[in-house]
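Enquirer: Read in order, the letters of the sequence shown correspond to residues 824 to 1122 in this note's numbering.
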Amino acid sequence: MFAATADPAATAAATDSSRKKREREDNSIVGSDFEPWASKRGEILARYTTTEKLSINLFMGSEKGKAGTATSAMSEKVRTRLEELDDFEEGSQKELLNLTQQDYVNRIEELNQSLKDAWASDQKVKALKIVIQCSKLLSDTSVIQFYPSKFVLITDILDTFGKLVYERIFSMCVDNRSVLPDHFSPENVNDTAKETCLNWFFKIASIRELIPRFYVEASILKCNKFLSKTGISECLPRLTCMIRGIGDPLVSVYARAYLCRVGRVTLLCSQTWQFPVSLNVPEASPSPPPHKSLEEGLY
């Protein structure tokens, strides 16, 4: 007789309760001697400092293509989105030199806030560009003693991005009846949420440089839960193989560290995870084809 409606307060409370329950379960699995990332993060920032001057490249944007006429053709929209991403990867940049460590940290925090602002204003492509820009900074090891702290600062932004994408897709699975259970299966996910999830993976696959493509995909590793029961265990070996293409040994080992961290969290949140994860996979996997994900509104 009466239509069921979702109480926002009740939904938020249920989600928070589920999150706390998962955290307790995670702690019981890894053991009492496990050091959480939150505490390790602080130790790294306090220990690895520098008095040397630092530099950072900031994307300045471009007006290329802004005056073009609008078109409804899907192929044109896809091409436009790819060109925007290419423009970001190859466009004009501003290099800030002679920064103190605190100046550098402030700049990174500004980028983190810009990411949140872009997401809040529904500028998903801009948010992705910011994350790509930050990931590229991890290829610079010129001030090697500061690299661990830079790794922490940049991966904070990646974690924020991954959380925003996951919560965006998760919210699309909530209907008027209930929220998804803690250990949901892909069968519980509606087609719209799955399509949005695929859109993100296809968009990230179009990033041409290896390091940002690896880090950005790793940041949304957990989103594989929406698509397949075995998606996470299949994706981890492929990402591991991608690291082999990173020439700098320091950059490579920190990429492995990030994959281990997000992989542990993701596998603990998955009901179907198994060890060991097989690494018998091809050296390279073909990138997914262009997809209608390149439309801003489909994120």
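Even glycine gets a Cβ: it sits at the ideal position worked out from N, Cα and C. Computed from a predicted structure; not experimentally measured.
When DSSP labels each residue in this structure, what does S972 get in the three-state scheme?
Expert: Along the sequence shown, one-based indexing puts residue 972 at 149. The answer is helix: DSSP assigns S972 an H, G or I state.
Enquirer: Taking just the CA atoms, how far does F857 sit from E866?
Expert: As a position in the sequence shown, residue 866 is number 43, starting the count at 1. As a position in the sequence shown, residue 857 is number 34, starting the count at 1. E866 and F857: Cα-Cα distance of roughly 15 Å.
Enquirer: Starting from F1024, follow the alpha helix (DSSP H) in both directions and report where the run begins and ends.
Expert: Residue mapping note: residue 1024 aligns to position 201 of the sequence shown, counting from 1. Run containing F1024: D1014 to A1028, per the alpha helix (DSSP H) assignment.
Enquirer: What residue range does the alpha helix (DSSP H) around K776 cover?
Expert: The chain is shown only over 824 to 1122; residue 776 falls outside these bounds and no answer can be derived.
Enquirer: With a threshold of 8 Å on Cβ separation, who are the neighbours of Y1081 within its own chain once the five nearest residues in sequence on each side are excluded?
Expert: Taking the first residue of the sequence shown as position 1, residue 1081 is located at position 258. Result list for Y1081: F974, T978, L981, Y1038 and A1041, in chain order.
Enquirer: By a C-beta neighbour count over all protein chains shown, 10 Å radius and 16 as the cutoff for buried, is P1035 buried or exposed?
Expert: Numbered from its first residue, the sequence shown carries residue 1035 at position 212. It counts as buried.
Enquirer: Across which residues does DSSP place I879 in a beta bridge pair?
Expert: Within the sequence shown, numbered from 1, the residue matching residue 879 stands at position 56. Beta-bridge pairing links I879 to L919.
Enquirer: CA-CA distance, S1075 and E918?
Expert: Mapped onto the sequence shown, residue 1075 falls at position 252. Mapped onto the sequence shown, residue 918 falls at position 95. If you take the alpha carbons of S1075 and E918, they lie about 24 Å apart.
Enquirer: Kindly indicate the opening and closing residues of the alpha helix (DSSP H) around N929.
Expert: Against the sequence shown, residue 929 aligns to sequence position 106. N929 -> alpha helix (DSSP H) spans Q924 to A943.
Enquirer: By the three-class DSSP mapping on this structure, what secondary structure does S862 have?
Expert: For the purposes of this step, residue 862 is taken as the residue at position 39 of the sequence shown. S862 falls in the helix class under three-state DSSP.
Enquirer: Can you tell me which of L1090, R1087, V1088 and Y1077 puts its alpha carbon nearest to the alpha carbon of S958?
Expert: Residue numbering aside, residue 958 sits at position 135 when the sequence shown is read from its first letter. Per the Cα distances, Y1077.
Enquirer: Less than 6 Å between C-beta atoms, sequence neighbours within five positions excluded: which residues of the same chain meet that for V1085?
Expert: Indexing the sequence shown from 1 puts residue 1085 at position 262. A1041 and L1044, listed in sequence order.
Enquirer: Roughly how far, in whole angstroms, is the beta-carbon of I992 from the beta-carbon of C1046, given that I think they are within contact range, below 8 Å?
Expert: Mapped onto the sequence shown, residue 992 falls at position 169. Mapped onto the sequence shown, residue 1046 falls at position 223. Correct: roughly 6 Å between the Cβ atoms.
Enquirer: Alpha carbon to alpha carbon, how far is I1069 from P1099? Give it in angstroms, no decimals.
Expert: Here residue 1099 refers to the residue found at position 276 of the sequence shown. Here residue 1069 refers to the residue found at position 246 of the sequence shown. The predicted position of P1099 is uncertain, since its pLDDT is 45 and thus under 50; no value can be drawn from it.
Enquirer: Buried or exposed for C1020, going by 16 or more other Cβ atoms inside 10 Å?
Expert: Taking the sequence shown and counting its residues from 1, the one referred to as residue 1020 is at position 197. Label assigned to C1020: buried.
Enquirer: So which of Y970, T964, I1027 and C1083 has the shortest CA-CA distance to L868?
Expert: Here the question's residue 868 lines up with position 45 in the sequence shown. Here the closest residue by C-alpha is Y970.
Enquirer: Can you tell me where the alpha helix (DSSP H) with C1058 in it begins and where it stops?
Expert: Reading the sequence shown from its first residue, position 235 is the one you call residue 1058. Taken as a continuous stretch (DSSP letters only), the alpha helix (DSSP H) holding C1058 covers G1054 to I1066.
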